[in-house]
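A.B. asks: Residue numbers (the working numbering), protein chains in the order written: chain A, 1 to 112; chain B, 113 to 228.
Got a structure for you, questions after.
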């Protein structure tokens with residue numbers, strides 16, 4: 001059974017800091033991995049999708065990496081801004097037609 | 113191209129009642145998945161529909177049921193509501209092409225269900 005862990009549960013940083021959010025998963029046989037952002041009480045916004053054959057994906061100030069052998073992914077946020085404050089969720093899919101298994105998320109607060 | 117939409121936004125029910133939540137998938141998508149997200153938790157998979165048939169189900173009792181229509185929109189029905197059913201219900205759509213894989217999954221804004 002796939003399990004996804006995100007530690008710590010919450011993080012507070014000053015504006016401008018570069019930061020890394022970690023995600024680990026127990027079954028390395030994944031199809032792809034997706035990072036999402038969730039604002040309080042809202043739905044999920046897809047940030048980055050990494051296929052199992054890829055090592056990383058970049059979008060603007062965001063960079064996500066994937067190391068299947070160690071069961072880890074990281075989301076790197078450069079030059080953080082108060083607008084980045086949200087909960088960041090990692091989710092893995094183990095097959096082309098399978099569900100997404102989510103972590104509990106990391107709640108990020110960027111202080112002005 | 114329109115994104116995933118859900119209705120209603122909020123809903124308050126009492127224990128024992130029944131509820132129907134609705135979702136319109138993103139244009140061009142043929143697969144809809146439903147997730148339940150309790151406060152402070154990650155979303156939990158309820159079930160998925162592909163071409164109007166359920167093709168995957170999570171660890172939820174039979175009182176959670178669904179439908180997918182020919183236009184790929186979907187409904188989630190919950191019977192005999194319990195207090196623990198209070199959660200944010202998320203719908204997500206994607207394009208599944210057999211033998212070619214599945215596209216990125218896009219989520220709707222969710223329906224907040226409160227059971228009193």
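For glycine and all other residues, C-beta sits at the position ideal for the given N, C-alpha and C.
How far does the beta strand (DSSP E) with residue 122 of chain B in it extend, from its first residue to its last?
C.D. replies: 122-125
A.B. asks: For residue 146 of chain B, which option in B:164, B:123, B:205 has the closest C-alpha, if you only look at C-alpha atoms?
C.D. replies: B:205
A.B. asks: If we cut at 7 Å on Cβ distances, does residue 221 of chain B have a partner in chain A?
C.D. replies: yes
A.B. asks: Which value, in whole angstroms, describes the spacing of the CA atoms of residue 80 of chain A and residue 43 of chain A?
C.D. replies: 22 Å
A.B. asks: By how many angstroms is the C-alpha of residue 156 of chain B removed from the C-alpha of residue 18 of chain A?
C.D. replies: 31 Å
A.B. asks: At a Cβ threshold of 7 Å, is residue 157 of chain B touching chain A?
C.D. replies: Yes, contact with chain A.
A.B. asks: On a Cα-Cα basis, can you pick out the residue from B:220, B:209, B:129 that is closest to residue 115 of chain B?
C.D. replies: B:220
A.B. asks: For residue 179 of chain B, which residues from the same chain have a beta carbon less than 7 Å from its beta carbon, with the 5 sequence-adjacent residues on both sides left out?
C.D. replies: 186, 187
A.B. asks: Pick out whichever of A:105, A:66, A:49 has its Cα sitting closest to the Cα of residue 85 of chain A.
C.D. replies: A:105
A.B. asks: First and last residue of the beta strand (DSSP E) that includes residue 65 of chain A?
C.D. replies: 62-67
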